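One structure is given below, encoded as structure tokens.
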Amino acid sequence: MSMYLSRPAAALAAAVLAAVLLGACGSGTGTGPSANPAGTPAATTPAAPSTSASPVPPPPADALLLGPTGYGRLRLGMTQAQAAATKLITPLAGKQSGCYRYAHLVGSPATGEHDIAGRLFFSETLGLAAIYAYSGVKTPEGITVGSTFDELRRAYPSWESVSGDKDGRGYVRVPGNAEAIYRIEVGAGKVIQLSVQLLNQDCYE
Numbered sequence: 045m046s047m048y049l050s051r052p053a054a055a056l057a058a059a060v061l062a063a064v065l066l067g068a069c070g071s072g073t074g075t076g077p078s079a080n081p082a083g084t085p086a087a088t089t090p091a092a093p094s095t096s097a098s099p100v101p102p103p104p105a106d107a108l109l110l111g112p113t114g115y116g117r118l119r120l121g122m123t124q125a126q127a128a129a130t131k132l133i134t135p136l137a138g139k140q141s142g143c144y145r146y147a148h149l150v151g152s153p154a155t156g157e158h159d160i161a162g163r164l165f166f167s168e169t170l171g172l173a174a175i176y177a178y179s180g181v182k183t184p185e186g187i188t189v190g191s192t193f194d195e196l197r198r199a200y201p202s203w204e205s206v207s208g209d210k211d212g213r214g215y216v217r218v219p220g221n222a223e224a225i226y227r228i229e230v231g232a233g234k235v236i237q238l239s240v241q242l243l244n245q246d247c248y249e
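Numbered by the working numbering, the letters in the sequence shown go through residues 45 to 249 in order.
The following block contains the structure:
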């Protein structure tokens, strides 16, 4: 038996078919906000790595200067006990009388009784009377054992050898301390001894 749709039924069927076809066309990938399926996380941009600078390390503990009042916590005029308490010197040695009591700066390559590099002289009346540098220990003006004669004169134009020659020992007032002088000895065009000492030290010369 043949079946024919009536006009209203045919119209209804055509409308349903059109709706189905439109729904199928709408399932393609779109370009608007609805193109991203619900629940799919949006793409994220990786965070830039931190560029904060590392903290600057403190200066090394051995970067101590000779002058104007001493060496680090070590001060001219200190008693032997006060100087030992700074932990910057080797154990005291030598005779108790006069200026025979001595020590050396910690770090000095020479620590014998007759070694002048890094040596400290203690006076019975004045306390710590002189502190000698060793190579690498500098004055605030940059002079150390091993500095050239030209470097010495640039830093301390008033330095003169007591003998009047280019070599020999000479003295310079310590900038910033009217009670101290630098004793600087030159040999073969270079500084071979360097100390900061009390102006009235009574241990030698």
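From the three backbone atoms N, C-alpha and C, an ideal C-beta is built for every residue, glycine too.
The structure presented is a predicted model; accordingly, all values stated were derived computationally and were not measured.
If you count every other CB in all the chains shown that lies within 10 Å of the CB of residue i, and 16 or more means buried, which is it?
i, result
"Y248", "exposed"
"V123", "Per the sequence shown, residue 123 should be read as Thr rather than Val. Exposed."
"V206", "exposed"
"L149", "buried"
"T183", "buried"
"G214", "buried"
"L243", "exposed"
By Cβ distance, which residues of its chain are closer than 7 Å to residue i, with the 5 residues on each side in sequence left out?
i, result
"G231", "D211"
"A92", "Low local confidence applies: a pLDDT of 48 at A92 is under 50, so the model's placement there is unreliable, with the coordinate-based value given in what follows. Cβ within range, chain order: n/a, list empty."
"T134", "A147, H148, V150 and T155"
"R217", "I225"
"I236", "V189, E229 and V230"
"K139", "R145"
"E204", "G214"
"Q126", "none"
Throw me the rounded Cβ distance for the residue i and residue j pair, which I believe falls under 8 Å.
i, j, result
"P153", "A161", "7 Å"
"V189", "S202", "In fact, because the Cβ distance is near 20 Å, the residues do not count as touching under 8 Å."
"A224", "L120", "6 Å"
"L136", "A128", "6 Å"
Excluding the 5 residues preceding and the 5 following residue i in the sequence, name in chain order all residues of the same chain whose CB lies nearer than 6 Å to its CB.
i, result
"L108", "Y115 and G116"
"L110", "A177, V181, T183 and V240"
"L238", "A177, V189 and I228"
"Q245", "A173 and A174"
"D159", "none"
"P104", "Note on P104: pLDDT 49, under 50, position unreliable in the model; the coordinate value appears next. Once the five neighbours on either side are set aside, P104 has no close Cβ partner at all."
With a threshold of 8 Å on Cβ separation, who are the neighbours of residue i within its own chain once the five nearest residues in sequence on each side are excluded?
i, result
"E185", "A199, Y200 and P219"
"P157", "Here the sequence assigns Glu to residue 157, which means Pro is not the residue at that position. If we look at E157 and ignore the five residues flanking it on each side, its Cβ neighbours are A137, G138 and Y146."
"G233", "T192, F193, K210 and D211"
"P112", "P184, V218, P219, G220, N221, A224 and V240"
"K131", "V150"
Please tell me whether residue i has its Cβ less than 8 Å away from any Cβ of chain C.
i, result
"I225", "Protein chain content of the structure displayed is limited to a single chain, and chain C is not contained in it."
(request) With a floor of 4 residues, list each alpha helix (DSSP H) that falls wholly inside the stretch 172-223, ordered by position along the chain. (result) 193-199
(message) Within 8 Å, do at least three Cβ pairs link the stretch 128-143 to the stretch 165-173?
(response) yes
(request) Decide yes or no for the touch test of the stretch 195-209 against the stretch 168-179: beta carbon pairs closer than 8 Å, at least 3 of them. (result) no
(message) Which complete alpha helix (DSSP H) runs does the stretch 107-184 hold, if anything under 4 residues is left out?
(response) Runs of the alpha helix (DSSP H) inside the stretch 107-184: 124-129.
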